[in-house]
Amino acid sequence: MALRNALPGGSAASRHAPETVAEVDLDRLLGTWLEVARLPNLEADGFGRCSVNVSATYAKRPDGRIGVQTISYNANAGMRRTEVNGRVLPADAGGSKLVLTFFNLIRGDLWVIGLDPNYRWALMGTPSRRRLWLIARTPRLDPIEYDRAMAIAAAQGYDAARVKPTPQGVAA
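Here the sequence shown stands for residues 1 to 172, where the numbers follow full-length UniProt numbering.
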């Protein structure tokens, strides 16, 4: 194994910013998406949390901007519901680099690095590669599509081996 691959961030793909898809039709992004899988992260998996039934709904606001409502349930706390509302702004002309803002305080970059041509699924991650989400219009993806999305993630330098499925349809 080459030394550069043994060190964090040492792969060739991770030396450069991830590549985004060429264009995202933001109107086709509207609607409800279900989280199929994610890289574990503090908000969803830390402090004893086990986020399930995670969804994000993108909708046009009266001011013409796009709002996002994320809903999740903590399976380790009696299915306690968490809802967070924010807004999404495109950060590039193609719409593949997005800026999410929550509570007018928390801001994050979210890049679309993979997208089904029919908008059945999208692969979104942060430029740092610390966070990655596979979202879809359905609770699960066909295994071939799932593997395709994970191959895109790995090629972009994300740790696809650490991605975990997000349980959907978990009863209270």
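Built from N, CA and C at the ideal position, the CB exists for glycine as well.
Tell me which residues share the same chain as residue i and place their Cβ nearer than 8 Å to its Cβ, disregarding the 5 neighbours each side in the sequence.
i, result
"residue 20", "92, 94, 96, 97, 111, 112 and 113"
"residue 165", "36 and 37"
"residue 7", "With a pLDDT of only 33 at residue 7, under 50, the local geometry of the prediction cannot be trusted, and the value read off the model is given with reservation. Nothing listed; no residue qualifies."
"residue 147", "none"
Using C-beta distances below 7 Å, list every residue in its chain close to residue i, excluding the 5 sequence neighbours before and after it, in chain order.
i, result
"residue 17", "127"
"residue 102", "84 and 86"
"residue 26", "66, 90 and 95"
"residue 2", "Residue placement at residue 2 is poorly supported in this model, since its pLDDT is 34, which falls under 50; the coordinates still yield a value, given next. Closer than 7 Å at the Cβ level, and outside the excluded window around residue 2, lies no residue."
If you compare alpha carbons, which of the options is closest to residue i?
i, options, result
"residue 137", "108, 99 and 168", "168"
"residue 135", "82, 39 and 109", "39"
"residue 144", "66, 116 and 82", "116"
"residue 43", "58, 71 and 23", "71"
"residue 45", "76, 122, 30 and 24", "76"
"residue 30", "58, 108 and 150", "58"
"residue 170", "130, 81 and 22", "81"
"residue 161", "15, 130, 24 and 109", "130"
"residue 140", "23, 53 and 15", "53"
"residue 24", "146, 142, 132 and 121", "121"
"residue 41", "132, 146 and 151", "132"
Apart from the five residues just before and just after residue i, which ones in its own chain have a Cβ nearer than 6 Å to its Cβ?
i, result
"residue 89", "99"
"residue 163", "37 and 39"
"residue 9", "Unreliable positioning characterises residue 9 in this predicted model, as indicated by a pLDDT of 43, which lies under 50. A coordinate reading is not provided."
"residue 149", "114, 123 and 134"
"residue 69", "57 and 85"
"residue 107", "101"
Report the CB separation of residue i from residue j in whole angstroms; it is logged as a contact under 8 Å.
i, j, result
"residue 32", "residue 51", "Actually they are not in contact, since the Cβ atoms of residue 32 and residue 51 sit about 16 Å apart, beyond 8 Å."
"residue 119", "residue 28", "5 Å"
"residue 123", "residue 153", "6 Å"
What residues are listed by DSSP as bridge partners for residue i?
i, result
"residue 70", "56 and 84"
"residue 43", "The partner list for residue 43 (beta bridge, DSSP) is empty, contrary to what the question assumes."
"residue 78", "None, per the DSSP bridge assignment."
"residue 102", "86 and 106"
"residue 135", "35 and 122"
"residue 173", "Past the edges of the chain, shown from 1 to 172, lies residue 173, and the structure says nothing about it."
"residue 165", "37"
* Touch test, the region 57-73 against the region 152-159, Cβ-Cβ under 8 Å, three pairs minimum -> Touching, no, given that fewer than three Cβ pairs across the two stretches are closer than 8 Å.
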